[in-house]
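See below for the structure under consideration.
Numbering (the numbering used here), first residue to last: 460 to 588.
Spelled out as structure tokens, the structure:
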């Protein structure tokens, strides 16, 4: 019984000393971090909001039976993103090589016949560059 109390006490002592408390940052650094955060928030609020995607209309898959697709060059991916519009593009935007801005929503539907490459998407708010 004495032995188990000693082992339990030693275990608790080791456990208590192994826990580290979070270090507090000095008040000067806290105010600097707060000022930087506020400045960043203000800059984001003042910057013009442009969430539209930039892409180029292309007919590169027309030989396989696919209509116009939108090619989007992304900074992250090495391959361009190819969007297949669910509905036909309006006549004013359905020109090969035309650069457009748009909003899109990827769709969970099979690719149309002839379009083996790309992602079906619903395009909205289309405008010319």
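The C-beta atom is built at its ideal place from N, Cα and C for all residues, glycine as well.
**Asked** Per DSSP, residue 562 forms a beta bridge with which residues?
**Response** One-based indexing of the chain shown puts residue 562 at position 103. Looking at the DSSP assignment, residue 562 forms a beta bridge with 583.
**Asked** DSSP state of residue 470, grouped into three classes?
**Response** As a first step, residue 470 must be located in the chain shown, where it is residue number 11. Correct three-state label for residue 470: helix.
**Prompt:** Can you tell me whether DSSP reads residue 535 as helix, strand or coil?
**Reply:** As a working mapping, residue 535 is identified with position 76 in the chain shown. Of the three classes helix, strand and coil, the one that applies to residue 535 here is coil, per DSSP.
**Prompt:** Are residue 511 and residue 562 close, meaning C-beta to C-beta below 8 Å?
**Reply:** Your numbering for residue 511 matches position 52 in the chain shown. Your numbering for residue 562 matches position 103 in the chain shown. Taking 8 Å as the Cβ cut-off, residue 511 and residue 562 qualify as a contacting pair.
**Prompt:** Taking residue 572 as the reference, which of 520, 513, 564 has the closest Cα?
**Reply:** Reading the chain shown from its first residue, position 113 is the one you call residue 572. Of 520, 513, 564, the residue nearest in Cα terms is 520.
**Buried/exposed call for residue 468, threshold 16 Cβ in 10 Å** = Counting from 1 along the chain shown, the entry for residue 468 is found at position 9. With fewer than 16 Cβ atoms within 10 Å of its Cβ, residue 468 is classed as exposed.
**Prompt:** Expressed to the nearest angstrom, what Euclidean distance is found between the alpha-carbon atoms of residue 586 and residue 537?
**Reply:** Working through the chain shown from its first residue, we reach residue 586 at position 127. Working through the chain shown from its first residue, we reach residue 537 at position 78. Going by the C-alpha atoms only, they are around 26 Å apart.
**Prompt:** Can you tell which of 522, 542, 550, 533 has its C-alpha closest to the C-alpha of residue 564?
**Reply:** Residue numbering aside, residue 564 sits at position 105 when the chain shown is read from its first letter. Comparing Cα positions, the closest option is 542.
**Request:** Would you identify the three-state DSSP class for residue 515, choosing helix, strand or coil?
**Result:** Position 56 of the chain shown, counted from the start, is the residue given in the question as residue 515. If DSSP states are grouped into helix, strand and coil, residue 515 belongs with the strands.
**Prompt:** When the Cα atoms are used, what is the spatial distance from residue 531 to residue 473?
**Reply:** To locate residue 531, count along the chain shown from 1; it is residue 72. To locate residue 473, count along the chain shown from 1; it is residue 14. The alpha-carbon atoms of residue 531 and residue 473 are separated by roughly 58 Å.
**Message:** So, under 8 Å CB-CB, residue 582 and residue 539 are touching, yes? Tell me the CB distance rounded to an integer number of Å.
**Reply:** On the chain shown, position 123 is the one that residue 582 refers to. On the chain shown, position 80 is the one that residue 539 refers to. Between residue 539 and residue 582 the Cβ distance is about 16 Å, and since that is not below 8 Å, they are no contact.
**Item:** Buried/exposed call for residue 464, threshold 16 Cβ in 10 Å
**Value:** Taking the first residue of the chain shown as 1, we reach residue 464 at position 5. Exposed is the call here.
**Rounded straight-line distance, which links the Cα of residue 516 to that of residue 590** = Absent from the model: residue 590. The displayed extent of the chain is 460 to 588, so no value can be given.
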